[in-house]
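A.B. asks: First residue of the sequence shown: 3, per the working numbering; consecutive thereafter.
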Amino acid sequence: MDHFALVDGVMHCEGVSLERIAADVGSPVYVYSAATFTRHAEVFRDGLAGVKRKHIAYAIKANPNLAVLRLLANAGYGADVVSGGELARAIAAGIPASDIVFSGVGKTVGELTKALDVGLGQFNLELEEEGVVLAALAAAGGKVADAVLRVNPDVDAGTHAKISTGKAENKFGVPISEARAIFDRLAGLPGLNLRGVAIHIGSQLADLAPLEAAYRRIGQLVQELRGAGHAISHVDLGGGLGVPYKAGDVFPSPAAYGAMVARVTDGWDATLMFEPGRVIAGNAGVLLTKVIWVKPGVTTPYVIVDAAMNDLARPAMYDAWHDFAAVRPTGDRMTANIAGPVCESGDTFAMGRDIDAVKSGDLAIFRTAGAYGATMASTYNSRALVPEVLVSGDRYAVVADRIQPETILAAERLPEWLTA
Ligand code: LLP
């Protein structure tokens with residue numbers, strides 16, 4: 003459920019008309035619903051009611067806007083971060099360092115040091131050497147780093163290849179067959195409290211079966227590690243729950259996911275950790291855009307909008323579908339291709355799609371753009387960096403400015419030897 007709906011024939015986000023936002027802020031612009039974020043946070047937590055000891059760390063890569071992070075901090079969520087930049091954001095948003103988990107296959111010594119300095123809650127180790135380096139850094143500073151070992155369970159998550167992470171050939175985690183030996187070697191190191199294991203098999207998962215298979219494998223590993231004398235107090239089950247992008251698609255609910263988790267982990271006697279991203283943010287945002295032209299095509303017209311692949315990369319990167327809807331629909335329909343102004347054929351949001359009829363100057367939205375939207379934006383073709391607006395009830399605020407090409411140009415330099 004989200005809070006984007008027609009009110010008196012005009013698309014609103016909660017109590018604010020998208021026409022008003024476009025008039026005030028311009029387009030393209032991301033528009034987020036605070037009530038949807040908060041509701042998703044509650045629904046996900048409620049779904050896990052059957053799990054006694056849990057920690058939910060929002061995967062901030064999905065939508066790291068400061069205001070969004072504050073909303074989720076207020077809802078009691080911790081954070082899963084994957085870079086020093088994300089760590090700084092989470093802290094700036096008021097998320098206690100002790101509630102932050104640091105994932106990521108390429109954490110640098112600088113990032114590990116910074117995380118130790120702020121008192122990070124948990125390091126999710128991706129390889130043995132990282133554990134050795136972290137232990138040494140922590141011991142040198144008189145600290146003990148809480149950590150878990152990320153394991154690659156070799157499970158096919160059944161999602162797009164570019165967002166699948168739990169197959170043996172993926173770069174993430176240590177092979178499950180080697181986990182025990184690595185654990186044995188790392189567990190005794192001074193400076194390191196290796197307290198558990200982690201997995202994350204992929205994103206936009208449409209089916210609970212691969213997750214269940216992965217969780218069962220990690221459950222066996224926990225037993226094996228305990229049998230070898232290791233104290234396992236934490237198991238991080240990652241994120242990955244998918245959301246419907248197409249009207250009518252049905253995905254497993256947080257409640258169904260939570261019931262599966264409770265069933266599979268019954269008797270594990272560990273704190274379970276979760277890293278949801280998309281399921282919290284996906285349907286909480288849209289990308290608001292304006293039609294520049296409707297250009298006749300050989301067979302199908304092109305609706306050229308002012309949003310492009312630099313603003314919303316998912317269709318170009320993953321052939322992802324985002325529903326398109328007019329802000330003031332007339333009831334008429336058309337079949338069209340939808341594309342942006344960027345000079346690549348890949349800058350296409352949809353081909354041959356049945357959509358609300360639109361004409362030059364009309365406003366429209368791409369739905370389900372709250373996750374992996376603005377955060378993946380670039381300034382390709384020297385376009386502005388897309389701004390973000392947060393709506394709450396009948397008020398809204400610009401929570402990220404449009405960064406103009408001039409500002410980016412101002413950060414560039416001509417070396418002296420080129421200007422002589
Ligand atoms: N935990 C870890 C370790 C992850 O790598 C990810 C996502 C998550 C949690 C959150 O997964 P979620 O609950 O959002 O599925 N840009 C792609 C998605 C990349 C996901 C990367 N990792 C897209 O637009 O579909």
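C-beta atoms are modelled at their ideal positions from N, C-alpha and C, and glycine is treated no differently.
Who are the Cβ neighbours of ALA92 in its own chain at under 7 Å, not counting the five residues just before and after it?
C.D. replies: Closer than 7 Å at Cβ, skipping near neighbours: ILE62, LEU71, ALA81, VAL83 and ILE102.
A.B. asks: Rounded to the nearest angstrom, how far is the Cβ of GLY287 from that of VAL33, given a contact under 8 Å?
C.D. replies: Correct: roughly 7 Å between the Cβ atoms.
A.B. asks: Is the CB-CB distance between ALA376 and PRO343 below 8 Å?
C.D. replies: No, they are not a contact pair.
A.B. asks: Where does GLY144 land, buried or exposed, given buried means 16+ other C-beta within 10 angstroms?
C.D. replies: Exposed, because fewer than 16 other Cβ atoms sit within 10 Å of the Cβ of GLY144.
A.B. asks: Taking the beta strand (DSSP E) that PHE326 falls in, what are its first and last residues?
C.D. replies: Element bounds for PHE326: 326-328.
A.B. asks: Please name the residue or residues paired with ILE340 in a DSSP beta bridge.
C.D. replies: According to DSSP, which records beta bridges pairwise, ILE340 is partnered with VAL305 and ALA352.
A.B. asks: According to the neighbour-count rule (16 or more other Cβ atoms, all chains shown, within 10 Å of its Cβ), is ALA170 buried or exposed?
C.D. replies: So ALA170 counts as exposed.
A.B. asks: Apply the 10 Å Cβ neighbour rule to LYS292 and answer buried if 16 or more other Cβ atoms are within range, or exposed otherwise.
C.D. replies: Classification for LYS292: buried.
A.B. asks: Is it the case that the region 154-161 contacts the region 173-185, given that we only count it when at least three CB pairs across the two stretches are under 8 Å?
C.D. replies: Judged by Cβ distances under 8 Å, the region 173-185 makes contact with the region 154-161, as three or more pairs qualify.
A.B. asks: If you follow the beta strand (DSSP E) that MET378 is part of, which residue opens it and which one closes it?
C.D. replies: From DSSP, MET378 is part of no beta strand (DSSP E); its letter is neither H nor E.
A.B. asks: Under the criterion of a Cβ to heavy atom distance below 7 Å, does LEU243 qualify as lining the ligand LLP?
C.D. replies: At least one heavy atom of the ligand LLP is nearer than 7 Å to the Cβ of LEU243, so yes.
A.B. asks: Please state whether DSSP places GLU214 in a helix, a strand or coil.
C.D. replies: GLU214: helix per DSSP, three-state reduction.
A.B. asks: Considering only C-alpha positions, which residue in the set GLU131, ALA208 and ALA200 is nearest to THR273?
C.D. replies: Measuring from the Cα of THR273, the nearest candidate turns out to be ALA200.
A.B. asks: Let's test the definition: count the other Cβ atoms within 10 Å of the Cβ of ALA94 and tell me whether it reaches 16, buried, or not, exposed.
C.D. replies: Exposed is the call here.
A.B. asks: State buried or exposed for ARG385, treating a residue as buried only when at least 16 other CB atoms are found within 10 Å of its CB.
C.D. replies: Buried, because 16 or more other Cβ atoms sit within 10 Å of the Cβ of ARG385.
A.B. asks: Please name the residue in GLU277, VAL391, GLU346 and GLY363 whose C-alpha comes closest to that of ASN126.
C.D. replies: Per the Cα distances, GLU277.
A.B. asks: With contact counted as at least three CB pairs below 8 Å, one residue from each stretch, are the region 294-312 and the region 352-367 in contact?
C.D. replies: Touching, per the Cβ criterion.
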